[in-house]
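Participant:
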Amino acid sequence: MFILTTFTDLLHLPPPTFTHPTATALEDQINAKYANKVVHNIGLCISLFDLSKVSEGMIGQDGGAHANVEFRMIVFRPFKGEVLTGRISSATAAGVKVRTDFFDEVFVPAGGLFDGCLFDGKEQVWIWRNDDQDFYMDKNELIRFRVEGEVFVDQLPVPPHLKGEESSLHKKPPYAITASCQQAGLGLVSWWVEEDEEDEEGAE
Amino acid sequence: MKVLNPRAAFLSDYEVLKHLTETKNRYIAFGQSQGTAHAMKSSNLETIMKEVKDYLQTTPAATQSEEAISNFMQEISAFALEKAELLMMVNCRPSSIAELDCIVEEMDQRFSEEESAEMLRVVKRNLPPGPKEVLGSG
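Chains L and V, in that order, are what the protein sequence lines are. Residue numbers for the first sequence follow UniProt numbering, beginning at 1 and rising by one. Residue numbers for the second sequence follow UniProt numbering, beginning at 1 and rising by one.
1. Span of the alpha helix (DSSP H) holding Lys18 of chain V?
2. At what residues does the beta strand (DSSP E) containing Gln133 of chain L begin and finish?
3. With H, G and I counted as helix, E and B as strand and the rest as coil, what does DSSP make of Asp101 of chain V?
4. Under the three-state reduction of DSSP, which class applies to Lys2 of chain V: helix, strand or coil?
5. On the three-state DSSP scale, how would you describe Arg129 of chain L?
6. Of the residues L:Phe49, L:Val83, L:Arg77, which one's Cα is nearest the Cα of Glu70 of chain L?
7. Identify each residue in the region 66-85 of chain L for which the Cβ-Cβ distance to at least one residue of chain V is less than 9 angstroms, and report them in chain order.
8. So which residues on chain L does Ser112 of chain V lean against when the C-beta distance must stay under 8 angstroms?
9. Consider the Cβ of Tyr14 of chain V: report whether some Cβ of chain L lies at a distance smaller than 8 angstroms.
10. Does Met89 of chain V pass the burial test, meaning 16 or more other C-beta atoms within 10 Å, or should it be called exposed?
11. Roughly how many angstroms lie between the CA atoms of Leu4 of chain V and Thr8 of chain L, to the nearest whole one?
12. Output the boundary residues of the beta strand (DSSP E) element that contains Asn68 of chain L.
13. Given Pro128 of chain V, which residues of its chain have a CB within under 6 angstroms of its CB, disregarding the five upstream and five downstream residues?
14. Could you tell me which whole beta strand (DSSP E) segments of length 3 or greater appear in the UniProt domain "RNA polymerase Rpb7-like N-terminal" (9-60) of chain L?
15. With 8 angstroms set as the bound, which would you pick, yes or no: does the beta-carbon of Thr47 of chain V sit closer than that to a beta-carbon of chain L?
Structure (structure tokens):
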């Protein structure tokens, strides 16, 4: 689910940060710039993992220092085929939307659900009908899914004269994941909990 | 900004959780030595660190230890599994054959039923079950 990505960047340390050790000041600058942001075709940056290389500082116009820094970031970028868990945030006829605490843009399209799944428009919920039994995929349930694909949308600034018309394009998330639940073991976590597991745990 | 290596390494959930917990403790210790005004970092960092930590605390990573994972890796090496499959096993800690089947690609063709059961036993023996409330609230 998480990977390390190596970046290099030219970072600016304003004079007030000179009271801190350089490594701490750089860490703060890097985190302020990258944490909780999506880098195009890389993934969602979480936080700095470590610094690899720091060049000598060059004095800038404000008296601050500029330094070339090589560092590794923790990045959320699940690979294709990875199995993850999340919670159902909403359901429409098009599919089920899943979120984790920190990432909201997981979508399981209707075609990626089990065969025999149907959508109840009144309740806004997907139901898996299996062996004459109904399994409801309620909101906020823990769901296990397989990552099938990813979409990165470059968030380029929109020129003012196009702003009105293209506002819908602007709303697209920079990084979204499509997923599937079509295999035994996927779907709601509670469907696949084995009865004897609980006893074993109790005995241990 | 330049990306030198988009995928330098994979991290397990446990490693991420450990890194975040250590980082947070370091910030708190630093804040206490400097007065609390310094304890808060930029808001985007505080947000994502808290959210990722909250998420990982509900996964099996919360109960794992370095020792448990290395023991597990040693025992499971008897089976010819891919790196990605091992990573998912540690992160998801499958507790049933169905779950294991999702993680291991084409398990029925690569392994006999007995081998799969043994794999599941190795998982259960070495990796502690995830936090209880996950099963309860699910």
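Every residue, glycine too, gets a C-beta built ideally from N, C-alpha and C.
Facilitator: Answer, in terms of the structure:
1. For the purposes of this step, residue 18 of chain V is taken as the residue at position 18 of the second sequence. From DSSP, the alpha helix (DSSP H) with Lys18 of chain V extends over 13-34.
2. Taking the first residue of the first sequence as 1, we reach residue 133 of chain L at position 133. 133-137 is the span of the beta strand (DSSP E), which, as asked, contains Gln133 of chain L.
3. In the second sequence, residue 101 of chain V corresponds to position 101, counting from 1. In the structure shown, Asp101 of chain V adopts helical secondary structure according to DSSP, grouped into three states.
4. In the second sequence, counting from the first residue as 1, residue 2 of chain V sits at position 2. Residue state, collapsed to three classes: strand.
5. Position 129 of the first sequence holds residue 129 of chain L. Of the three classes helix, strand and coil, the one that applies to Arg129 of chain L here is strand, per DSSP.
6. Here the question's residue 70 of chain L lines up with position 70 in the first sequence. Glu70 of chain L has its Cα closest to that of L:Phe49, out of L:Phe49, L:Val83, L:Arg77.
7. For the region 66-85 of chain L, the beta-carbon criterion of a distance under 9 angstroms to any beta-carbon of chain V is satisfied by Glu70, Arg72, Ile74, Val75, Phe76, Arg77, Phe79, Gly81, Glu82, Val83, Leu84, Thr85.
8. On the second sequence, position 112 is the one that residue 112 of chain V refers to. Listed along the chain, the chain L residues whose CB falls inside 8 angstroms of the CB of Ser112 of chain V amount to none; the nearest CB is some 18 angstroms away.
9. The residue you call residue 14 of chain V lines up with position 14 of the second sequence. For Tyr14 of chain V, the nearest beta carbon of chain L is not closer than 8 angstroms to its own beta carbon.
10. Position 89 of the second sequence holds residue 89 of chain V. Within 10 angstroms of the beta-carbon of Met89 of chain V lie 16 or more other beta-carbons, which makes it buried.
11. Taking the second sequence and counting its residues from 1, the one referred to as residue 4 of chain V is at position 4. Taking the first sequence and counting its residues from 1, the one referred to as residue 8 of chain L is at position 8. The alpha-carbon of Leu4 of chain V is positioned some 7 angstroms away from that of Thr8 of chain L.
12. Within the first sequence, residue 68 of chain L is the residue found at index 68, counting from 1. Residues 65-76.
13. Counting from one through the second sequence, the residue named residue 128 of chain V turns up at place 128. For Pro128 of chain V, where only same-chain residues beyond five positions count, the Cβ hits under 6 angstroms are Thr63.
14. Listed in chain order, they are 43-54.
15. The residue given as residue 47 of chain V occupies position 47 in the second sequence. Yes, because at least one Cβ of chain L sits closer than 8 angstroms to the Cβ of Thr47 of chain V.
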